[in-house]
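Per numbering that gives the first Met the number 0: the sequence shown ends with 279, consecutive numbering throughout. By construction, the Cβ of each residue, glycine as well, lies at the ideal position given by its N, Cα and C atoms. Predicted model only: the values in this text are computed from it and were never measured. First comes the structure, then the notes that go with it.
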Amino acid sequence: MTHSQKHRKHLTLSGIILLVAALWSLAPLAWLGITSIKPQGTEYRIPVEYWPEHPTLENYRTVLGDRFRIQRAVWNSVVVSTTAAIGTLVLSSLSAYAIARLRFRFRFHSLYAMQIAGMIPPIVVIAPTFVLLRSLGLIRTYWAMIIPNMVYAVPLSSFLIASYFANVPFELEDAAKIDGAGTLRTIFSVILPVAAPGMFSAGVLAFLGSWGEFMLANTVSIGSAKVETVPVVVLSLSRAFELQWTWVAAGTVVTLVPVIAAVLLFQRAVVQGLSAGSLR
Numbered sequence: 000m001t002h003s004q005k006h007r008k009h010l011t012l013s014g015i016i017l018l019v020a021a022l023w024s025l026a027p028l029a030w031l032g033i034t035s036i037k038p039q040g041t042e043y044r045i046p047v048e049y050w051p052e053h054p055t056l057e058n059y060r061t062v063l064g065d066r067f068r069i070q071r072a073v074w075n076s077v078v079v080s081t082t083a084a085i086g087t088l089v090l091s092s093l094s095a096y097a098i099a100r101l102r103f104r105f106r107f108h109s110l111y112a113m114q115i116a117g118m119i120p121p122i123v124v125i126a127p128t129f130v131l132l133r134s135l136g137l138i139r140t141y142w143a144m145i146i147p148n149m150v151y152a153v154p155l156s157s158f159l160i161a162s163y164f165a166n167v168p169f170e171l172e173d174a175a176k177i178d179g180a181g182t183l184r185t186i187f188s189v190i191l192p193v194a195a196p197g198m199f200s201a202g203v204l205a206f207l208g209s210w211g212e213f214m215l216a217n218t219v220s221i222g223s224a225k226v227e228t229v230p231v232v233v234l235s236l237s238r239a240f241e242l243q244w245t246w247v248a249a250g251t252v253v254t255l256v257p258v259i260a261a262v263l264l265f266q267r268a269v270v271q272g273l274s275a276g277s278l279r
């Protein structure tokens, strides 16, 4: 087999794998969208109706109306996810700077310890987290979701950002110090702009992680509509209205629109940030 034949075989195999992965990932979303435009009750038809005979947007009007108020849940998720992402970047930048730029004993061990901590399933610590938040008076507030989500995201974000910090020439930092810049000013004025792709990727991942987080949000919101985020509202929607799947599908599509738009808009920057940089 010639080199060109091997190359074509490799491309064909890669294309098939990507196609299967795309179908596996996008088929549920497509079915969700189709279900959301079906007239109420037709989702139970047998044989299955793969495309509605009479598509309708009535489910979206119902979900976006006063009966559901899903817009508030979307706003709550935006506030929680954005604040958690910003806080994660601040904390991760400082920890990544210490690991990648400072020379101290066990610096890599500290990074490994953070990654091991990040592998602990959140359900293991949900009970003590709830008790701690309750003792601080944060239950049924945004902060009850923001602070834990920041903690969940710091290990991965620190690793991504440290990968970029490690590749920044030390001469840039030395020049800033000669000009009289302190450590924090050097980090935010010199190091961070160079590591912008890694920062961006870490921020997007932290945002998406907070947006889709359900267990903590369901535990600390305790039915308070003022702070309930998207996953909690979608679940309560399905329970309160006896599993009207067309409404649930429409509500889910509405909550996915901001995430899909962000991914489509920033996917290139995210991929670039994840694929570049390596710890030395």
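Cutting at 8 angstroms between CB atoms, please list the residues of its own chain near H53, excluding the five before and the five after it.
P38
Do you know how far the Cα of L159 is from the Cα of M149?
15 angstroms
Exposed unless 16 or more other CB atoms sit within 10 angstroms - verdict on A216
buried
Rank L10, A126, A161 by C-alpha distance to the C-alpha of I98 and give the top, closest one.
A161
Evaluate L264 with the Cβ neighbour count: other Cβ atoms within 10 Å of its Cβ, from every protein chain shown; 16 or more gives buried, anything less gives exposed.
exposed
Under the rule that 16 or more other beta-carbon atoms within 10 Å means buried, what is A284, buried or exposed?
Any answer about residue 284 is impossible in this case: the structure gives the chain only from 0 up to 279.
From which residue to which residue does the alpha helix (DSSP H) around L56 run?
It is not in any alpha helix (DSSP H) - L56 carries neither H nor E in the DSSP assignment.
Rounded C-alpha distance that separates Y96 from V78:
27 angstroms
In this structure, does DSSP put G202 in helix, strand or coil?
helix
Spatial neighbours of A261 within its chain, please: CB distance less than 6 angstroms, with the 5 preceding and 5 following residues excluded, ordered by chain position.
none
Close Cβ partners of M144 (< 8 angstroms) along its chain, the five nearest in sequence each way excluded:
V79, A83, S209, E212, L215, A216, V219, S220, V226, T228
Could you tell me if F164 is buried or exposed, where buried requires 16 or more neighbouring beta carbons within 10 angstroms of its beta carbon?
buried
Along the chain, where does the alpha helix (DSSP H) that runs through I98 open and close?
69–100
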